[in-house]
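Visitor: Residue numbers (the numbering used here), protein chains in the order written: chain S, 1190 to 1543; chain D, 191 to 468.
We treat Cβ as the ideally placed atom computed from N, Cα and C, and that holds for glycine.
Next up is a structure, given as structure tokens.
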């Protein structure tokens, strides 16, 4: 029987957390159970944490102090009962509408520059949602999706923490999945679904997200027939749900910044390598790059972003090779590759002009 | 080059969100909530590097941080109030009930005194009537009186002595039951003890026990029934009656609670074939 991590005579907090997450191997679980049954101190932390998690899960989260906070009101209980099932159904209706809108855009295929400029703050989701219109990127993706040079082993690379790195990788993969699905590349999408499931295994998914992303009912299961189901489109926009607080009040992904940077970098790279400079030339991209807190980022990440900004200001169409190279560096190092020897995507196929 | 550590910054931001939610749930007043959050922030900043270094990705970061913050809350309570194990009923009723019970049982205050401490010193907004309603729901761990100031002023020395004698008898009986209960519990497996502790002592519903221990819910009802039967037999073999068990607070609801949850949570019985055929 393997031993759980014990500090002094008590369990490590991470062992308690892993037990609560159900992530311990049988032997280690048994040792933790035995310890918790004996040790009042560890049991107290375990029970209180579990109570908190269950209350958050069930929406039993009183806002006030005092006796009113002691039990969920009838109104609150009603809300929990009402929200849980209908939210999932509503999610599918919204998803279906979004899918229909995306497919319409795909058919109409207007270039990005012709679309009305939104006065709302630009988001990376808006940028990357345009990608499926450029069908050519799917060919790039088919050739290069698994060449990021990220280490296969689990754990964080040298620059970011595990959560930031995971969020960044997930952002990259979700955009790639979107493109693969839009292009009908079921084989690539299927392989990407395993990657996405692996990355999401480390985060808390609400039931609707669990059903969307993981397992037999998720992307992988629905790709099993070899066709791309329309309701998966556009995954990239649905991917925003990973950052939106769910009924427990918590988002699955804590790190929205790195997730969005991953999505943007992947979208920009696929566009650039496919010879499309419009994404880089757009006002949204310039605003996004301008707003990045480069001074707070590791230098290995900030430097390629600075150079991409410089090349994008003038005429990005004449600098596509260099921009692609910088994007490859960015994706490699932020995703966990060693900055001294990143193995970026091959940009030799970049077309400098269309 | 000295750069701010984004991982540490995000960790503290995440902890702040958990602290805000937890302090709303667990603190007795807005004042205490603010005090706890300030106290915890200092410790989190002090321990930031250790927290990050100790996290190896065995659990999700969220669950790890929630556990870390709960550990801080328990440390905070011990630093402020000392060690105290509240009864299951008090835990279920919430932080005000736990604090009220502590004042009544451990500090030996009268109800009026405890209510005064809570309302005046600790910023609890509950009325005396609400606190009184809570007090009525607390188990009788030791004899307590809920009398007004005027009554207290008329209490004579001989009555205090009687009270002391009653307290002594009750404490001896409670100690005997607790010893028997500890011995009876040791005949169960560790997982069975954990199930019982969560369900009976901490008031988790069967569904919550199932989610917490990652056990299938349906067989858990039968298992709980078997466990309480076994425990009852073990206690009876040691000469302990149900009335004796009632003397100790945290297991006072042993029989009642299990019966309640079983009837409350079981799905409605399906009609038999004969009934369906009618």
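Apply the 10 Å Cβ neighbour rule to residue 1245 (chain S) and answer buried if 16 or more other Cβ atoms are within range, or exposed otherwise.
Guide: With 16 or more Cβ atoms within 10 Å of its Cβ, residue 1245 (chain S) is classed as buried.
Visitor: Find the residues of chain S that neighbour residue 404 (chain D), judging by a C-beta separation of less than 8 Å, and give them in chain order.
Guide: Within 8 Å Cβ-Cβ: 1211.
Visitor: Going along the chain, which residues of its own chain have a beta-carbon closer than 6 Å to the beta-carbon of residue 428 (chain D), five neighbours each way excluded?
Guide: Excluding sequence neighbours, residue 428 (chain D) sits near 370.
Visitor: What separation, rounded to the nearest whole angstrom, lies between the Cα atoms of residue 225 (chain D) and residue 367 (chain D)?
Guide: Roughly 39 Å between the two C-alpha positions.
Visitor: So that I know if they touch, is there some Cβ in chain S lying closer than 8 Å to that of residue 194 (chain D)?
Guide: Residue confidence is low: residue 194 (chain D) scores 46 on pLDDT, short of 50, so the model does not pin down where it sits. No coordinate-derived value is stated.
Visitor: Check whether the segment 252 to 260 of chain D touches the segment 283 to 295 of chain D, taking contact to mean three or more Cβ pairs, one atom from each stretch, closer than 8 Å.
Guide: The segment 252 to 260 of chain D is not in contact with the segment 283 to 295 of chain D.
Visitor: Using a Cβ-Cβ cut-off of 7 Å (strictly less than) and excluding sequence neighbours within five positions of residue 220 (chain D), which residues of its own chain qualify?
Guide: Closer than 7 Å at Cβ, skipping near neighbours: 313.
Visitor: Relative to the C-alpha of residue 411 (chain D), which residue among D:284, D:385 and D:306 is closest?
Guide: Minimum Cα distance to residue 411 (chain D) is reached at D:385.
Visitor: Mind checking which residues open and close the alpha helix (DSSP H) that includes residue 316 (chain D)?
Guide: Unbroken run through residue 316 (chain D): none, as it is neither H nor E.
Visitor: Give, in chain order, every residue of the segment 1376 to 1392 of chain S whose Cβ lies closer than 7 Å to some Cβ of chain D.
Guide: Answer in chain order: 1391 and 1392.
Visitor: Can you give the Cα-Cα distance for residue 403 (chain D) and residue 1204 (chain S), rounded to whole angstroms?
Guide: Spanning the two alpha carbons is a distance of roughly 14 Å.
Visitor: How should residue 1451 (chain S) be labelled, buried or exposed, when 16 other C-beta atoms within 10 angstroms of its C-beta is the threshold for buried?
Guide: Burial call: buried.
Visitor: Do residue 264 (chain D) and residue 1233 (chain S) have their beta-carbon atoms positioned less than 8 Å apart in this structure?
Guide: Against a cut-off of 8 Å, the Cβ pair of residue 264 (chain D) and residue 1233 (chain S) comes out as a contact.
Visitor: If contacts are defined as beta-carbon pairs under 8 Å, then residue 1369 (chain S) and residue 1388 (chain S) qualify, I think. What distance do you get, rounded to the angstrom?
Guide: Not confirmed; about 16 Å, so no contact.
Visitor: Start and end of the alpha helix (DSSP H) containing residue 1231 (chain S)?
Guide: Unbroken alpha helix (DSSP H) run through residue 1231 (chain S): 1229 to 1246.
Visitor: For the pair the segment 1498 to 1516 of chain S and the segment 1455 to 1466 of chain S, tell me if three or more CB-CB distances fall below 8 Å.
Guide: With a cut-off of 8 Å, the segment 1455 to 1466 of chain S and the segment 1498 to 1516 of chain S count as touching, because enough Cβ pairs lie within range.
Visitor: Output needed for residue 262 (chain D): all residues of its chain with C-beta closer than 7 Å, excluding positions within five of it in sequence on either side, in chain order.
Guide: Closer than 7 Å at Cβ, skipping near neighbours: 230 and 233.
Visitor: Please compile the residues from chain D whose C-beta is within a distance smaller than 8 Å of the C-beta of residue 1448 (chain S).
Guide: None at all; the shortest Cβ gap to chain D is about 12 Å.
Visitor: Anything in chain D within Cβ reach of residue 1205 (chain S), meaning under 7 Å, just list it in chain order.
Guide: Here the neighbours are 257.
Visitor: Let's see if you can read the secondary structure: which residues bound the alpha helix (DSSP H) around residue 1382 (chain S)?
Guide: It spans 1375 to 1389 - the alpha helix (DSSP H) in which residue 1382 (chain S) sits, taken as one unbroken run.
Visitor: With respect to the alpha helix (DSSP H) encompassing residue 400 (chain D), which residues constitute its N-terminal and C-terminal limits?
Guide: Where residue 400 (chain D) is concerned, the enclosing alpha helix (DSSP H) stretches over 396 to 403.
Visitor: Shorter than 7 Å, the distance from the beta carbon of residue 1395 (chain S) to the closest heavy atom of the ligand HEM, or not?
Guide: What this structure holds is no ligand at all, so the ligand HEM is not there to describe.
Visitor: Compute the beta-carbon to beta-carbon distance between residue 1448 (chain S) and residue 1359 (chain S), rounded to the nearest angstrom, for a pair I have assumed lies under 8 Å.
Guide: Right, their Cβ atoms sit about 6 Å apart.
Visitor: By how many angstroms is the C-alpha of residue 205 (chain D) removed from the C-alpha of residue 1238 (chain S)?
Guide: One C-alpha to the other measures close to 14 Å.
Visitor: In angstroms, rounded to a whole number, what distance separates the CA positions of residue 1431 (chain S) and residue 421 (chain D)?
Guide: Going from the Cα of residue 1431 (chain S) to the Cα of residue 421 (chain D) covers about 46 Å.
Visitor: So, with DSSP's three-state summary, where would you put residue 275 (chain D)?
Guide: Reduced to three states, the DSSP call for residue 275 (chain D) is coil.
Visitor: Buried or exposed for residue 1278 (chain S), please, with buried defined as at least 16 other CB atoms from any protein chain shown within 10 angstroms of its CB.
Guide: The predicted position of residue 1278 (chain S) is uncertain, since its pLDDT is 28 and thus under 50; a value taken from the coordinates is nonetheless stated next. Residue 1278 (chain S) comes out exposed.
Visitor: Closer than 8 Å, CB to CB, is residue 246 (chain D) near chain S or not?
Guide: For residue 246 (chain D), the answer is yes, since a Cβ of chain S falls inside 8 Å of its Cβ.
Visitor: Using a Cβ-Cβ distance cut-off of 8 Å, determine whether residue 380 (chain D) contacts chain S.
Guide: So yes, residue 380 (chain D) belongs to the interface.
Visitor: Show which residues of chain S have a CB atom less than 8 Å away from the CB atom of residue 212 (chain D).
Guide: Neighbours of residue 212 (chain D) on chain S, chain order: 1241.
Visitor: Residues of chain D with CB under 7 Å from residue 1222 (chain S), in chain order?
Guide: By Cβ distance, chain D contributes 380, 381 and 384.
Visitor: Chain D partners of residue 1489 (chain S), CB-CB under 8 Å?
Guide: Near residue 1489 (chain S) there are no residues of chain D at all, since even the closest Cβ is about 11 Å away, more than 8 Å.
Visitor: Along the chain, where does the alpha helix (DSSP H) that runs through residue 245 (chain D) open and close?
Guide: Careful: residue 245 (chain D) lies outside any alpha helix (DSSP H) and carries neither H nor E.
Visitor: Going along the chain, which residues of its own chain have a beta-carbon closer than 7 Å to the beta-carbon of residue 1391 (chain S), five neighbours each way excluded?
Guide: Cβ neighbours of residue 1391 (chain S) beyond the five flanking positions: 1355.
Visitor: Quick check: the segment 271 to 281 of chain D against the segment 1207 to 1224 of chain S, are there 3 or more CB pairs under 8 Å?
Guide: Because the criterion of three Cβ pairs below 8 Å is not met, the segment 271 to 281 of chain D and the segment 1207 to 1224 of chain S do not touch.
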